[in-house]
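Trainee: In the order they appear, the protein sequences are chains A and B.
Residues in the first sequence are numbered from 16 upward in steps of one, following our numbering.
Residues in the second sequence are numbered from 16 upward in steps of one, following our numbering.
Take a look at this one; I'll ask things after.
Protein chains: 2
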Amino acid sequence: MQPAVRTNLADTAIQNIRAEITTSRWQIGERIPNEATLADMLGVSRGTVREAVRVLVSQGILETRQGSGTYVRSAIDAEDSLLRIRRTGLRDQVETRCALEVEAARLAATRHTPEVVAELRQMLGDRGEYNPADHDRYVEQDLAFHKAVVAASGNSALIEVYEFFSTSTQEIIKATVTGELPEPDMAAHSAIIDAIASGDPEKATLTTRAFMAPILLELDRLLAS
Amino acid sequence: MQPAVRTNLADTAIQNIRAEITTSRWQIGERIPNEATLADMLGVSRGTVREAVRVLVSQGILETRQGSGTYVRSAIDAEDSLLRIRRTGLRDQVETRCALEVEAARLAATRHTPEVVAELRQMLGDRGEYNPADHDRYVEQDLAFHKAVVAASGNSALIEVYEFFSTSTQEIIKATVTGELPEPDMAAHSAIIDAIASGDPEKATLTTRAFMAPILLELDRLLAS
DNA sequence: ATTCATTAAGTCATCAGATGACTTTAGGAA
DNA sequence: TTCCTAAAGTCATCTGATGACTTAATGAAT
């Protein structure tokens, strides 16, 4: 259970500090001991403490304020979450990604502006119909379109989650499934923009769901065979 | 587009090193300059270089071999995504979390089993009506109920993302907002279970959405004041 | 008593120099 | 050629010091 036999002082320091936080000995928002004290507690030099703290800061667990101190920002380890999500199956990831896009379209409909709608139409026009000779460009522009739909939701958290799943699933698909998933035609894409432009969240939801359904069906068929 | 004006030497060093890698000036597997040279190149001290390098090592981008050198391990940094999510605003996180739960209930309705429904009813019964004297237990059991709803979706990716958001938002609320968000009554909770049990995805969607709407409204009211 | 500017203490940010541990490679002996 | 040894290169870590920034205490003026 505990490999943890790293001959690496900074890494063990990271683990020790993290342990203090996960066991709630150091609460969220609380200020932790200063560098010199930490160095004494961990039995390492200040330089090593700084390296450990900076890693934890980069992971969002700690937060340093010059002149004030170092504070606990969060107890959850994003790295762990990431790994667990990575281990989930491709199908579930795609399904989640579809769900995210449906909700994004819904929000986009309630918050749409003429400028955003025009930009979406512009992007779809640039992309054009599928042309096998220009496959890479098409895939790239198509992904950009879908990201733009999500961006139109105006929800930054949703945008980031979608971005995460988008790159993640793309990597898996490239790595595992040789065949591409079916891409709905131009009319289906336009329908999404129209639904958003109509301002009707229900319509946007249904349209996007209808758009996504065949993709998941085809994936299930591929995985079954 | 790029704020990036951090007065932080180590962070700018991280960005510079990462830039060398993303632009392929330093290829994967290649050994990068030693610490002293890097210090000269970046115009910082060795200690700062070490802090930057250790962060990149913790992100899997670099790899150090004592006595040998520092090598490029990978160019991708998908890990950033979840960290960026955490830096987004509370409102957007709550909204996304609600969206996730709506989609989860929808999936749960299509895949529900009598056992799962019975378990949900059991959990809700155990939780009972709100009692101020037993606040902590109530909050805990309520959160468990909502996680169980998401778990009933059967989508492991969705479960993991929801878990990430639920702990993340909970921490923010505890840390920032003193007042708790309103929790719908027992009837509203039961309605979600009924909707899932009915097997009607539309009904589950609408019921859960109705459940979530007041929470977001109240949050907006709190943030406005 | 209250307000406000000043001062001092505490803390992180960064630097410089030095030593130890480990890896790699070159050179020499068998 | 093969094997061993020594030297050079590199990361790991420590120590000590200075600057920048924040916070709280101080004290004067109102």
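Cβ atoms here follow ideal geometry from the backbone N, Cα and C, with glycine treated the same way.
#1: Identify the contact partners of residue 99 of chain B in chain A, using a Cβ-Cβ distance below 7 Å as the criterion.
#2: What's the call for residue 228 of chain A, buried or exposed, on a 16-neighbour Cβ count within 10 Å?
#3: Relative to the C-alpha of residue 233 of chain B, which candidate in B:71, B:199, B:70 and B:120 has its C-alpha closest?
#4: With DSSP collapsed to three states, give me the class of residue 153 of chain B.
#5: State buried or exposed for residue 129 of chain A, treating a residue as buried only when at least 16 other CB atoms are found within 10 Å of its CB.
#6: What does residue 104 of chain B touch in chain A if you count any residue whose Cβ is under 8 Å from its own?
#7: Is residue 75 of chain A buried or exposed, if buried means 16 or more other CB atoms sit within 10 Å of its CB?
#8: For a contact defined as C-beta to C-beta under 8 Å, what are the partners of residue 70 of chain B on chain A?
#9: Express the C-alpha separation of residue 98 of chain B and residue 26 of chain B in angstroms, rounding to a whole number.
#10: For residue 100 of chain A, does the three-state DSSP call read helix, strand or coil?
#11: Below 8 Å, can you find three or more Cβ-Cβ pairs linking the stretch 22–42 of chain B to the stretch 43–53 of chain A?
#12: Counting along the chain, where does the alpha helix (DSSP H) carrying residue 106 of chain B start and finish?
#13: Which residues in the same chain as residue 54 of chain B place their Cβ atom closer than 7 Å to its Cβ, once the five residues preceding and following it in sequence are excluded?
#14: Between the stretch 99–109 of chain B and the stretch 166–176 of chain A, do three or more beta carbon pairs fall short of 8 Å?
#15: Can you pull the DSSP bridge partners for residue 77 of chain A?
#16: Return the residues of the stretch 33–67 of chain A that lie within a Cβ-Cβ distance of less than 7 Å from chain B, sorted by chain order.
#17: The stretch 206–235 of chain B: which residues have C-beta closer than 7 Å to a C-beta of chain A, in chain order?
#18: Given that residue 110 of chain B touches chain A, what residues does it touch there, using C-beta distances under 8 Å?
#19: Closer than 7 Å by C-beta to residue 166 of chain A: which residues in its own chain qualify, once you throw out the five before and the five after it? Chain order, please.
#20: What distance in whole Å lies between the Cβ atoms of residue 176 of chain B and residue 100 of chain A, which are believed to be in contact at a cut-off of 8 Å?
#21: May I ask you to verify whether the stretch 83–93 of chain A touches the stretch 153–161 of chain B, counting CB pairs closer than 8 Å and requiring at least 3?
#22: Using a threshold of 8 Å, state whether the C-beta atoms of residue 164 of chain B and residue 116 of chain B are closer than that.
#23: Output the boundary residues of the alpha helix (DSSP H) element that contains residue 23 of chain B.
#24: What residue does the alpha helix (DSSP H) around residue 220 of chain A start on, and which one ends it?
#25: When you compare only the Cα positions, how much space is there between residue 73 of chain A and residue 202 of chain B?
#26: Hey, how far is the Cα of residue 84 of chain B from the Cα of residue 49 of chain B?
#27: Can you grab the Cα-Cα spacing for the pair residue 142 of chain A / residue 122 of chain A, in whole Å?
#28: Any C-beta of chain B sitting closer than 8 Å to the C-beta of residue 90 of chain A?
#29: Since residue 142 of chain A sits in a beta bridge, which residues does DSSP pair it with?
#30: If we ignore side chains and look at the alpha-carbon of each, how far apart do residue 67 of chain A and residue 138 of chain B end up?
#31: Which residue's Cα is closest to the Cα of residue 52 of chain A: A:71, A:37, A:70 and A:32?
#32: With a threshold of 8 Å between beta-carbons, can residue 183 of chain B be considered close to chain A, or not?
Mentor: Well, looking at it:
#1: 175
#2: exposed
#3: B:199
#4: helix
#5: exposed
#6: 171 and 172
#7: buried
#8: 69, 70 and 73
#9: 15 Å
#10: helix
#11: no
#12: 105–126
#13: 60, 61 and 64
#14: yes
#15: A:87
#16: 43, 44, 62, 65 and 66
#17: none
#18: 122, 170, 172 and 173
#19: 174
#20: 7 Å
#21: no
#22: yes
#23: Looking at the DSSP string, residue 23 of chain B is not in any alpha helix (DSSP H), and its letter there is neither H nor E.
#24: 216–239
#25: 44 Å
#26: 7 Å
#27: 24 Å
#28: yes
#29: Bridge partners of residue 142 of chain A: none, in fact.
#30: 42 Å
#31: A:32
#32: yes
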